[in-house]
């Protein structure tokens, strides 16, 4: 029997991609080097670009009228926007997310769509720029008439947050760990990735306690933090948590993103005599910083965030520089792993997207699109209008316990049609939203050795209380 995740999507893929403009997009993004790997994460984007705020197709319709997600398109469609960078240095974020959204959209359409309407995927290019993201968001809402959005990232969330709330459009982001959402989400904005507050706390715990890093209980830390919001979001959680756990933060220094050399910053860092340095920066800048420190004779260890804890980072660095370095990732959700669902998804998305491995944010995106799809299904089944406000009102209802557990769109839609309330359990975690739209998930402390990341220990959510 064919996998329920795949359904009929592979047979319909070419027709769908032509309709959404996805063939050109996937081809145009292929070959981007900073693509991450294997599942999920908590960071996101930066970079530049030159798009006018969206390069996707509208599926042959001019969409709605900007009145809170009206879906009365000419073709009887319901539109979902993907609001991410599709140009510039971080186009890989869009590349990693888009195929997963398209695959689930095809599954939804294979199940009869939403209230008889096909789901059409529309892109909005944020260019990792607040100005471009605002333009792209306005186009998705006012011109395309999207009923919901997948995205955006941490670096553009603050710029567009009010657009979601004022226009009553639900956003489910698989990438934005920014602490700016910690007390703002929950009505129209949700995320299937843990907050940087939890990620920062996990780094502090992992550095402070030997049981979680297998090396030593570090007591003196220095921080080097990039000057963009996506990096600054980690600063306070790591610093305050490390001190709470009994450690000393010698200094937390900001560094300018994109410099050609960081020798002076490294000298300042080394003058504080840290046992371990937490580096919160882009992959490119992290490589420069750590190579400069190696050349300068730095003898302490390093701890990296999720954005750097991937194979792409190690492949661009020398083993002598990275061996023994600690990093953070979301831990594999054991329920999904033991049931075989993760392996099934890996096989499906790799075949669908032509990937050699499952990419960063892929599992988070799978969960985000399934939650949004089930909320749309619940709205249509209840006979309510497919407006953004109605869909947003059903997001927590389809995701949270104690209702019937479902693990994909097909099973969830079938249960909803039968009048059963559902509790979606995902690939990245159980996806139980709290009152501000956040989730909790376990973390994995990783160690680099010989050009590979291996798990040193796991941090369960209760260890971060």
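Residue numbers (my numbering): 15 to 479. Every residue gets a Cβ at the ideal spot worked out from N, C-alpha and C, and that includes glycine. All values derive from a computational prediction rather than experimental measurement.
Tell whether a beta-carbon distance below 9 Å holds between residue i and residue j.
i           : j           : result
residue 192 : residue 109 : no
residue 200 : residue 387 : no
residue 220 : residue 459 : yes
residue 179 : residue 144 : no
residue 2   : residue 210 : The structure shown does not extend to residue 2, since the chain spans only 15 to 479, so no value can be given for it.
residue 323 : residue 299 : no
residue 408 : residue 421 : no
residue 90  : residue 162 : no
residue 186 : residue 206 : yes
residue 318 : residue 312 : no
residue 339 : residue 378 : no
residue 375 : residue 216 : no
residue 139 : residue 112 : no
residue 405 : residue 389 : yes
residue 114 : residue 383 : yes
residue 137 : residue 366 : no
residue 321 : residue 297 : yes
Once DSSP output is grouped into helix, strand and coil, what is the label at residue i?
i           : result
residue 457 : strand
residue 310 : coil
residue 175 : helix
residue 346 : coil
residue 315 : strand
residue 276 : coil
residue 437 : strand
residue 189 : coil
residue 159 : coil
residue 265 : strand
residue 341 : strand
residue 405 : helix
residue 449 : coil
residue 410 : helix
residue 472 : strand
residue 295 : coil
residue 183 : coil
residue 334 : helix
residue 400 : coil
residue 358 : helix
residue 371 : coil
residue 418 : strand
residue 442 : coil
residue 289 : coil
Among residues of its own chain, excluding the 5 on either side of residue i, which ones have a beta-carbon nearer than 6 Å to its beta-carbon?
i           : result
residue 417 : 435, 436 and 437
residue 2   : This structure does not reach residue 2, given that the chain is present from 15 up to 479, and the question cannot be answered.
residue 304 : 335
residue 262 : 234
residue 228 : 470
residue 280 : 306, 307 and 310
residue 119 : 133 and 135
residue 455 : 208, 344 and 443
residue 476 : none
residue 427 : 125 and 391
residue 277 : 306
residue 474 : 456
residue 449 : 200
residue 76  : Because the pLDDT of residue 76 is 37, which lies under 50, any placement of that residue in the model is unreliable, and the number read from its coordinates should be weighed accordingly. Correct list: empty, nothing qualifies.
Quick check: does the Cβ of residue i come within less than 8 Å of any heavy atom belonging to the ligand FAD?
i           : result
residue 198 : The ligand content of the structure shown is nil, which means the ligand FAD is not present either.
Can you name, in chain order, every residue of its own chain whose Cβ lies under 8 Å from the Cβ of residue i, other than the five neighbours on each side?
i           : result
residue 447 : 200, 204, 409, 410, 413, 414 and 453
residue 464 : 333 and 337
residue 370 : 364
residue 445 : 206, 381, 385, 413, 438, 439 and 453
residue 259 : 218, 219, 222 and 223
residue 172 : 144, 192, 194 and 243
If you drop the 5 nearest sequence neighbours on each side, which residues of the same chain put their C-beta closer than 7 Å to that of residue i?
i           : result
residue 253 : 237, 263 and 266
residue 478 : 212, 215, 216 and 219
residue 245 : 239, 294 and 295
residue 174 : 147, 148, 151 and 166
residue 231 : 222, 223 and 224
residue 431 : 395
residue 257 : 263
residue 441 : 347, 350, 355, 356, 359, 377, 380 and 381
residue 127 : 133
query: Residue ranges of each alpha helix (DSSP H) run of no fewer than 4 residues wholly in the stretch 92-147, ordered along the chain?
result: You should have 105-124.
message: Any contact between the stretch 353-369 and the stretch 323-338? By contact I mean 3 or more CB pairs, one from each, below 8 Å.
response: The answer is no - the stretch 323-338 does not touch the stretch 353-369, with fewer than three Cβ pairs under 8 Å.
- request: Decide yes or no for the touch test of the stretch 146-159 against the stretch 343-358: beta carbon pairs closer than 8 Å, at least 3 of them.
  value: Taking 8 Å as the limit for Cβ pairs, the verdict is that the stretch 343-358 does not touch the stretch 146-159.
query: Should the stretch 96-104 be regarded as contacting the stretch 132-147, the criterion being three or more beta carbon pairs within less than 8 Å?
result: Yes, they touch.
Every unbroken alpha helix (DSSP H) within the stretch 189-246, with a cutoff of 4 residues, ordered by chain: Restricting attention to alpha helix (DSSP H) runs no shorter than 4 residues, the stretch 189-246 encloses them at 210-222 and 243-246, ordered along the chain.
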